[in-house]
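Comments concern the structure below.
2 protein chains.
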Amino acid sequence: MTQTVVFDVYGTLFDVQSVQNQCEIIFPDKGSEISQVWREKQLQYMFLHELMGHDVQFDDITERTLTYAVNSVGEDLTEKSRRKLMAGYQQLTLYDETQFVLSYLREKGYQLAVFSNGTDNMLRGLLNESGIHGDLDAVLSVDLAGHFKPTVSSYQVVTDQLNISAEEVLFVSSNGWDIAGAKNAGFQAAWINRSNGPEEVLGLSPDYEGENLTVLKSIL
Amino acid sequence: MTQTVVFDVYGTLFDVQSVQNQCEIIFPDKGSEISQVWREKQLQYMFLHELMGHDVQFDDITERTLTYAVNSVGEDLTEKSRRKLMAGYQQLTLYDETQFVLSYLREKGYQLAVFSNGTDNMLRGLLNESGIHGDLDAVLSVDLAGHFKPTVSSYQVVTDQLNISAEEVLFVSSNGWDIAGAKNAGFQAAWINRSNGPEEVLGLSPDYEGENLTVLKSIL
């Protein structure tokens, strides 16, 4: 029985498209490719560092993979552009429906939290800027585990910090690998399939699926 | 002091392009995208399953990610096409210089081995088919560790099985993440940068770099 709804942040509550637009302004005609490589490498580096047993953080990885992404299209990254694009990550825009859905769930009495691979600092900066911090009962970073999602020990941050059991959690993410990780940790899971992509074949299917967060209204 | 040269297999000794050609025949105009998604997802699923603590193997992952890749371009995979493309993975072509470089190193007296995330069965099938099995002193699969590269424990298969120290190994791979993993495990490493891509920024640089395997002639 769901009592707590826990949201992933990047791509789930916030649209990372605004960073792509900034990439495009700085690197005309290459913004889309840069931001795509950036995101892919950002994920891959989290996984690789975790597998190699390194203790590194999301902001460090985000900065290094930006360099890689810019280099991958044959461009160089100036210090000024680096600062601008990294700052863009702190000023992402909310998806249209995010505020409405959080308010709806709050009124229905659910406990609400976010849980992200982002650092605690990055998350609090972003959430304060956006104005939804007040709607959340908890802001949880993998910093508390010292391990990135989708390791089992990372998701235990949620149950440990909120003092609840895994079955009480409905985890919401637009990332298929994050849904698999949440199911692997014993949570219920709703996949926000914004791009209408195929389901991952990791053997851990979501309990629910919708094209945006309003699907939660029909679930809860 | 290098005494043993250990090669990654897929993309390092063997060209995976031939599978792309088969994809193109079955799915005209979509072969390139399918094979690219297939390879990316194959890597990602190895990392994800390892992070989630699952015991799965390369052949199972290769088959599931083929389904995902075909679905990702809006196509369905028939049983016949599935069998054909999976069989293609057992009949990859060697890069032009592979045979020559292996013979050269053998004559120079180096111990030669392969070490791959592929299963022992897949590796032996592929190597027998290609005719280079006889040039190798050892065929090593991560099966022996129960963990995929780039975990530290996976690379220990090499030193354990060959009864050598990490410093005696020159590890050769076209995959940047594999180079980082090898360096992380204490090996010397030569990166075969076939696509002239940017270096990974994982904090673990290769000792050597070349555009194909012939660079080993100038190193050893």
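From first to last, the protein sequence lines stand for chains P and Z.
Taking the working numbering, the leading residue of the first sequence gets -1, the next gets one more, and so forth.
Taking the working numbering, the leading residue of the second sequence gets -1, the next gets one more, and so forth.
We put the beta carbon where it would ideally sit given N, CA and C, even for glycine.
Opposing strand residues paired with residue i [DSSP bridges]
i	result
Z:Asp13	Z:Thr91
Z:Gln109	Z:Thr2
Beta-carbon proximity of residue i to residue j, cut-off 8 Å
i	j	result
P:Ala136	P:Leu160	yes
P:Val17	P:Gly86	yes
P:Leu142	Z:Leu46	no
P:Pro196	Z:Asn69	yes
P:Leu124	P:Leu75	no
Z:Leu11	Z:Tyr102	no
Z:Ile162	Z:Thr2	yes
Z:Leu211	Z:Glu105	no
For residue i, the nearest candidate out of the options (CA to CA)
i	options	result
Z:Arg80	Z:Ala67, Z:Leu90, Z:His145 and Z:Trp189	Z:Ala67
P:Thr63	P:Asp74, P:Tyr43 and P:Asp53	P:Tyr43
P:Leu218	P:Tyr93, P:Gln109 and P:Asn119	P:Gln109
P:Gly9	P:Thr157, P:Phe113, P:Gly201 and P:Ala143	P:Phe113
P:Asn173	P:Arg37, P:Ser33 and P:Gln20	P:Arg37
P:Val35	P:Thr60, P:Phe56 and P:Pro26	P:Thr60
Z:Gln15	Z:Val4, Z:Ser30 and Z:Ser203	Z:Ser30
P:Gln88	P:Leu41, P:Glu166, P:Asn126 and P:Asn115	P:Asn126
P:Asp27	P:Thr65, P:Phe185 and P:Glu73	P:Glu73
P:Ala164	P:Ser171, P:Ile177 and P:Lys181	P:Lys181
Z:Glu22	Z:Gly107, Z:Ser171, Z:Leu202 and Z:Val71	Z:Val71
P:Leu202	P:Leu211, P:Thr212, P:Ser139 and P:Ala178	P:Ala178
Z:Ser171	Z:Tyr206, Z:Thr65, Z:Ser151 and Z:Ile162	Z:Tyr206
Z:Met50	P:Leu211, P:Arg122 and P:Gln154	P:Gln154
Continuous beta strand (DSSP E) stretch holding residue i: start and end
i	result
Z:Tyr206	Tyr206 to Gly208
Z:Phe169	Val167 to Ser171
Z:Gln42	Unbroken run through Z:Gln42 is the alpha helix (DSSP H), Gly29 to Leu49; no beta strand (DSSP E).
Z:Val137	Ala136 to Ser139
P:Ala67	Premise fails: P:Ala67 lies in the alpha helix (DSSP H), Phe56 to Ser70, not in any beta strand (DSSP E).
Z:Ile190	Gln186 to Ile190
Unbroken alpha helix (DSSP H) run spanning residue i, endpoints
i	result
Z:Gln159	Val150 to Leu160
Z:Ala178	Gly174 to Asn182
P:Ala85	Glu77 to Gly86
Z:Ile130	No alpha helix (DSSP H) contains Z:Ile130, which DSSP labels as neither H nor E.
Z:Val213	Val213 to Ile217
Contacting residues, own chain, Cβ-Cβ under 8 Å from residue i (five flanking each side not counted)
i	result
P:Glu209	Ile190, Asn191, Arg192 and Asn194
P:Ile24	Ser79, Lys82 and Leu83
P:Glu48	His145, Phe146 and Thr149
Neighbourhood of residue i by C-beta, 7 Å cutoff - its chain only, sequence neighbours within 5 removed
i	result
Z:Asp57	Thr117 and Met120
P:Leu100	Leu110, Ile130 and Asp133
Z:Trp175	Pro148 and Glu198
P:Ser152	Val140, Ala143, His145 and Phe146
Z:Lys39	Thr63, Tyr66 and Ala67
Z:Arg122	Val137
Close beta carbons around residue i, own chain, < 6 Å, minus the five adjacent residues each side
i	result
P:Val4	Ala111, Phe113, Val156, Val167 and Phe169
P:Gln55	Thr117
Z:Val213	none
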